[in-house]
Amino acid sequence: MRLNTWSWLALVLLVLPACGTSAITIRGTSRMPGVDGRVYIENAEGENRMIRVELQHLAPPARLESGHQYYGVWFRTGSHGTTFAGRLAYDEGSRTGRLAATTPLRNVEVLITVERQQSPREPSGHVIVRGRLN
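All letters in the sequence shown, in the order written, are residues 6 to 139 by the numbering used here.
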């Protein structure tokens, strides 16, 4: 039996929700409005979730703020405060950034900031992307 393109698409759309994977589209803030991206949320072991962030059209961090070299990804909740999820792996040639992290948190606001340090203790005020995960 041979499936055409539409049949494959329908099959994928039926199977993805069963896998527990969902995605949201995120856009840059006024500090970097050209940024586009997706955040993928997937159920992981136990109560954890795997969060994958993929961004496109990122300018080098130093172009936004002098002396800044990194992009930080943060998870913020009303009950747990703000947690550093990790440093976005930035590729200057393709102007893309990626991060994968696990978290047990729900109803999370994802913040992506420009940072001076690789592992900052708190987010800088330079938020370039913001999105809400449920």
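Each residue gets a CB set at the ideal place from its N, CA and C atoms; glycine is no exception.
With fewer than 16 other Cβ atoms inside 10 Å of its own Cβ, A28 counts as exposed. L104 sits in a strand when the DSSP states are folded into three classes. Assignment of A67 by DSSP, reduced to helix, strand and coil, places it in the helix class. DSSP links V58 through a beta bridge to V44, L104. Between F89 and P125, the C-beta gap is smaller than 8 Å, which places the two residues in contact. Short of 6 Å from the beta carbon of R103, and not among the five residues preceding or following it, lie these beta carbons of its own chain, in chain order: E59, A94. Classified as buried, T108 has 16 or more neighbouring CB atoms from the shown chains inside 10 Å of its CB.
Linking H73 to G33 through their CA atoms gives a straight-line distance of about 18 Å. Where T34 is concerned, there is no enclosing beta strand (DSSP E), because DSSP gives it neither an H nor an E. Its Cα nearest to that of E114, the residue V134 stands out among R100, V134, E97. If you compare the alpha carbons of I117, N53, Q61 with that of D41, the shortest gap goes to Q61.
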